[in-house]
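Residue numbers (this note's numbering): 2 to 110.
Written out as structure tokens, the structure is:
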């Protein structure tokens, strides 16, 4: 019985660590929260993205925004984009901003 309880405790710890890592990994956070509308490449060329006229995150229009402005849009939402401030921690939103910047660089290749 002790071994079973110890096993459950260890499995719970592993699950918590994995969940925390997924939240702090901007690529995973983007995939979980953003790809439905903005597509995996940030283009917005998904069925939902086209229907909602989601921004191409790689575009000059988005990329010229300041980090603070992108952070605010992710946190508070804008137009049809929902707010993610209650779901994603501020540090992780900042990592998402950096990730969004990298989408423009990767699309130039």
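Cβ atoms here follow ideal geometry from the backbone N, Cα and C, with glycine treated the same way.
In this structure, residue 50 places its C-beta atom within 7 Å of the C-beta atom of residue 40.
In this structure, residue 53 sits near residue 81, with a CB-CB distance shorter than 7 Å. Across the structure, residue 66 and residue 97 are spaced so that their CA atoms are roughly 14 Å apart.
The beta carbons of residue 58 and residue 101 sit closer together than 7 Å. For residue 59, the three-state secondary structure derived from DSSP is coil. Not a single unbroken stretch of the beta strand (DSSP E) spanning 3 or more residues falls wholly within the segment 62-99. If you compare the alpha carbons of 108, 107 and 34 with that of residue 78, the shortest gap goes to 34.
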